[in-house]
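Basically this note's numbering = 1-based index in the sequence shown + 137.
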Amino acid sequence: MKALLYKSGGRDNAEICQVPDPVCKDTQVLIRVMACGICKPADSSHDNATSMLGEYPVIPGHEFAGIVEAVGKKVTRFKPGDRVAVDNGAPCMTCYYCQRGQFSFCENYKALGQSIDGGFAELVVSPESHVYAVPGNVSMRAAALSELVGCAYHCIDRCEIPQAADVLILGSGASGMLLAMLAKNTQAGTVTIIDSVKSKLKKIETKGVNTVLVDRSDYAIHEAELKRQFPKGFDVIIDACGNAQLIESSFELLKAQGKFLNYSFASTDKKDITLNMSLIARKELSYMGTTFQHHNFEQVLRSMETGRVDPEFIISDVYPLDRYFEALDKNMSDSEAIKILIEPNGPSEGR
């Protein structure tokens with residue numbers, strides 16, 4: 138089969154090539170991958186210093202969906218032809234955290250697309266326990282983003298957004314837009330998103346989200362506009378961009394006992410972030426982290442089925458597997474790109 142293979146860290150050690158088809162064991166499902174998302178934090182980091190890949194050689198791609206090609210003899214829930222999405226996480230189920238049901242903190246955590254071959258390939262195998270049926274009205278492209286939507290869902294759950302709360306989201310990339318749409322489904326009063334890219338703000342406005350443009354040459358401009366619109370500040374602020382200056386100034390925009398959720402992995406502009414600990418104490422602010430999806434695929438797919446969340450809304454580009462590196466470069470360099478998908482087996486529309 139054709140696949141994106143990293144032989145070791147760094148793009149120079151990666152290529153689109155032919156590799157042996159995976160073998161489907163008794164408890165596994167063999168899946169023909171129809172769509173796989175490029176994850177900007179993960180797929181842009183695959184060099185020796187910062188790679189999120191755990192072992193080599195490996196096929197990356199942890200956001201994917203497809204059609205069942207074959208099943209192992211002990212598989213009971215699926216058959217060839219079924220449309221499925223895959224939870225990429227592979228907790229050990231035996232460590233301290235797994236025994237407490239905190240699977241995302243597994244001490245021996247592995248993941249498809251990181252330490253186990255993933256979805257940037259024509260075929261992939263997954264344990265049956267990680268496979269979920271995709272509702273008939275949910276496209277393969279949308280289903281491929283189940284993991285990303287699950288991460289956003291977990292963040293919103295962590296927020297515990299109060300009734301009539303004013304919510305601010307920093308950044309209108311793929312995650313920021315999903316967070317905004319999900320926050321709109323809560324009891325929040327207003328949801329505002331800020332970004333420096335006008336086209337992204339115009340797009341998310343169609344979902345009923347308030348927007349404020351960031352002028353990177355003078356951050357005081359958008360801060361003044363936010364204070365004008367929300368003189369009391371915000372109950373919840375979620376960082377989905379990793380910009381150090383935006384993060385630092387956000388604490389001034391929180392109401393007393395407000396919450397700041399750190400959704401982005403790190404400062405994307407590579408700067409240290411300085412927090413005003415006196416301000417945090419005086420206003421009794423909460424600074425919380427949120428990481429990964431917590432194996433909530435059933436909730437995610439049900440929300441797609443009922444129309445509560447529309448992942449296709451954030452898809453800006455779709456490429457074949459042969460053009461993966463072109464797609465990755467676009468994802469990194471084009472500020473208007475939102476979510477880019479790879480289709481290893483040709484167009485998935487209508488399948």
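Idealized CB from N, CA, C, for every residue including glycine.
A quick note: this is a predicted structure, and the numbers were derived from the prediction, not measured.
- Rounded to the nearest angstrom, the Cβ distance from Val223 to Glu265 is 10 Å, too far for a contact under 8 Å.
- Taken through DSSP and simplified to helix, strand or coil, Cys173 comes out as strand.
- Restricted to the stretch 250-280, not a single alpha helix (DSSP H) segment is unbroken, complete and at least 4 residues in length.
- Annotation: Asn274 to Asp254 spans about 28 Å, alpha carbon to alpha carbon.
- The Cβ-Cβ distance between Ala207 and Pro197 does not fall below 8 Å.
- By a beta-carbon distance limit of 8 Å, Ile451 contacts Lys476. Their separation comes to about 5 Å.
- In the DSSP assignment, Leu398 falls outside any alpha helix (DSSP H) and lies within the beta strand (DSSP E) extending over 391-399.
- Considering only Cys378, Leu307, Ala258, the residue with the shortest C-alpha distance to Asn347 is Leu307.
- Between Cys288 and the set Tyr400, Arg237, Leu458, the nearest pair of CA atoms involves Tyr400.
- Between Pro272 and Leu438, the beta carbon gap of about 6 Å places them in contact (Cβ cut-off 8 Å).
- Leu465 and Met425 do not touch by the CB rule: their CB atoms are close to 31 Å apart, not below 8 Å.
- DSSP, read as helix, strand or coil, puts Thr411 in coil.
- Counting along the chain, Glu362 sits inside the alpha helix (DSSP H) bounded by residues 356-366.
- When the five nearest sequence neighbours on each side are left out, the beta carbons in the same chain lying within less than 8 Å of the beta carbon of Lys162 are those of Gly209, Val262, in order along the chain.
- Between Glu200 and Asn482, the C-beta gap is not smaller than 8 Å, which leaves the two residues out of contact.
- When rounded, the separation of the alpha-carbon atoms in Pro194 and Gln300 is 49 Å.
- Residues of the same chain with a CB within less than 6 Å of the CB of Ser333, apart from the 5 flanking positions on each side, are Val351, Arg353 in chain order.
- Residue pairing of Pro457 in beta bridges, as defined by DSSP: Glu480.
- Assignment of Phe388 by DSSP, reduced to helix, strand and coil, places it in the helix class.
- The residues Thr348, in chain order, have a CB closer than 7 Å to that of Glu342 in the same chain once the five nearest residues on each side in sequence are set aside.
- Excluding its 5 nearest sequence neighbours in each direction, Glu152 has C-beta neighbours in its own chain below 7 Å: Leu142, listed in chain order.
- Residues of the same chain with a CB within less than 6 Å of the CB of Ser440, apart from the 5 flanking positions on each side, are Val446 in chain order.
- A residue is called buried when at least 16 other Cβ atoms come within 10 angstroms of its Cβ; Gln366 does not meet this threshold and is exposed.
- The three-state secondary structure of Asn347, taken from DSSP, is strand.
- Straight through space, the alpha carbons of Val268 and Cys232 are spaced by roughly 22 Å.
- Rounded to the nearest whole angstrom, the C-alpha separation of Ile204 and Lys467 is 28 Å.
- Minimum Cα-Cα distance from Ala357 among the listed residues Ala377, Leu316, Glu385, Leu338 corresponds to Glu385.
- Bridge partners of Ser423 according to DSSP: Lys396.
- Looking at the DSSP output, Arg220 sits in a beta bridge with Ile204.
- Shown here, Gly313 sits in a helix according to DSSP, grouped into three states.
- Under the three-state reduction of DSSP, Asp149 is assigned to helix.
- Listed as beta-bridge partners of Gly226 by DSSP are Ala248.
- For Phe434, the enclosing alpha helix (DSSP H) begins and ends at 434-443.
- Beyond the five residues adjoining it in sequence on each side, Arg169 comes within less than 7 Å, by CB distance, of Gly203, Ile204, Glu206, Glu259, Leu260, Asn482 in the same chain, given in chain order.
- With a contact defined as Cβ atoms closer than 8 Å, Lys337 and Ser309 qualify at about 4 Å.
- When the alpha-carbon of Val455 is set against those of Asn150, Met277, Gly146, the nearest one is in Met277.
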